[in-house]
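J.:
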Amino acid sequence: MRFRRRVFITLGPWGKEGGDPEDPVTVVGVAVTRRLIVRSDAREALVALADGRFALTGRTLAVGPAAPLTRHLRRRALHASSLLDRRWLQEAAAALADQRPRRMSGRVQGGGS
Numbered sequence: 010m011r012f013r014r015r016v017f018i019t020l021g022p023w024g025k026e027g028g029d030p031e032d033p034v035t036v037v038g039v040a041v042t043r044r045l046i047v048r049s050d051a052r053e054a055l056v057a058l059a060d061g062r063f064a065l066t067g068r069t070l071a072v073g074p075a076a077p078l079t080r081h082l083r084r085r086a087l088h089a090s091s092l093l094d095r096r097w098l099q100e101a102a103a104a105l106a107d108q109r110p111r112r113m114s115g116r117v118q119g120g121g122s
């Protein structure tokens, strides 16, 4: 029997103690290692954290591992209040999906007879 580990994301408002949400130094006490993308029309960003998680910063904060955070952003995009918000969330989800580790299938492509 295989058990799946439940992974959670942290959601909440962006606090003043977080500093500039477009260029944070730390998020929930964890150092930001790089900015992946920055929203052009608002002070928001998608950042990588030193502990391996990612964070979407701005009016609200969402922090978690790549896969669950990507799913969360895609769900939020479906219910976004504006086209600009929808596009931002879709772009952030796509950028985050590119950061996820890929599993190898174990099959060799081509070269067979």
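The sequence shown lines up with residues 10 to 122 when you count with my numbering. Heads up, the beta-carbon is just placed ideally off N, CA and C, and yes, glycines get one too. Quantities reported herein were computed from a predicted structural model and do not represent experimental measurements.
1) By a C-beta neighbour count over all protein chains shown, 10 Å radius and 16 as the cutoff for buried, is A103 buried or exposed?
2) Tell me whether F17 is buried or exposed, calling it buried when 16 or more other Cβ atoms sit within 10 Å of its Cβ.
3) In or out: V34 buried (at least 16 other Cβ within 10 Å) or exposed?
4) Looking at the structure shown, is A103 part of a helix, part of a strand, or coil, going by DSSP?
5) Just tell me which of L65, R80, A101 has its CA closest to the CA of G21.
T.: Well, looking at it:
1) Sixteen is the threshold: since fewer than 16 other Cβ atoms of the shown chains lie within 10 Å of the Cβ of A103, the residue is exposed.
2) Classified as exposed, F17 has fewer than 16 neighbouring CB atoms from the shown chains inside 10 Å of its CB.
3) An exposed status is given to V34, since fewer than 16 other beta-carbon atoms sit within 10 Å of its beta-carbon.
4) Correct three-state label for A103: helix.
5) Selected option, being the one with the closest Cα: L65.
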